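Trainee:
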Amino acid sequence: MDIEKKNLFKGIPSELPSEIFNSLIVSKDFTLERIVSEGHTTPAGEWLEQERDEWVILFCGGAKILFEEGKVSKILKPGDYLNIPVHCRHRVEWTDPEHKTVWLALHYRAG
């Protein structure tokens, strides 16, 4: 059995002209991806709306997510996580422009 060790923080370029999305595990039941941001936001006027539930945890940096319903914002610091229900419209309003923001997003179908 060949089990490969990897590191969540390796392979991050020093310059990030756009966000990086890396699928780490993909199956029929879920997708786990690493997201790396540095001052990136959802384009003005756009909302994210996933076809699956999304659990997201922030490992470093910072972010602010705005939810369309109730216009509620959540500020995320390292260690914070959210569970975003399927079809819940949201947008990334801010990510730390001076430090890389590294998070994991788990996209899954709730049972």
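Heads up: the sequence shown begins at 1043 in my numbering, then just goes up one per residue.
Don't be surprised by glycine CBs; every beta carbon is placed ideally from N, CA and C.
Owing to the predicted nature of the structure, the values given are computational and were not obtained by experimental measurement.
(1) Note down, in chain order, each residue of its chain lying with its Cβ closer than 6 Å to the Cβ of W1097, except the 5 sequence neighbours on either side.
(2) To the nearest whole angstrom, what separates the beta carbons of V1144 and R1094, a pair I think is in contact under 8 Å?
(3) Could you name the residues that DSSP lists as bridge partners for V1078?
(4) Please name the residue in K1070, K1052, K1119, D1071 whose C-alpha comes closest to that of N1064.
(5) Out of N1049, Y1150, H1141, which has the shortest C-alpha to C-alpha gap to L1058?
(6) Express the C-alpha separation of S1069 and P1139 in angstroms, rounding to a whole number.
(7) How many angstroms separate the CA atom of F1072 from the CA atom of R1151?
(8) When DSSP builds the beta bridges, which residues end up paired with K1116?
(9) With DSSP as the reference, label F1051 as helix, strand or coil.
Mentor: Answer, in terms of the structure:
(1) N1125, L1148
(2) Not confirmed; about 21 Å, so no contact.
(3) I1062, V1144
(4) K1052
(5) H1141
(6) For P1139 and S1069, the distance between alpha carbons rounds to 33 Å.
(7) Between F1072 and R1151, the alpha-carbon positions lie close to 7 Å from each other.
(8) I1107
(9) coil
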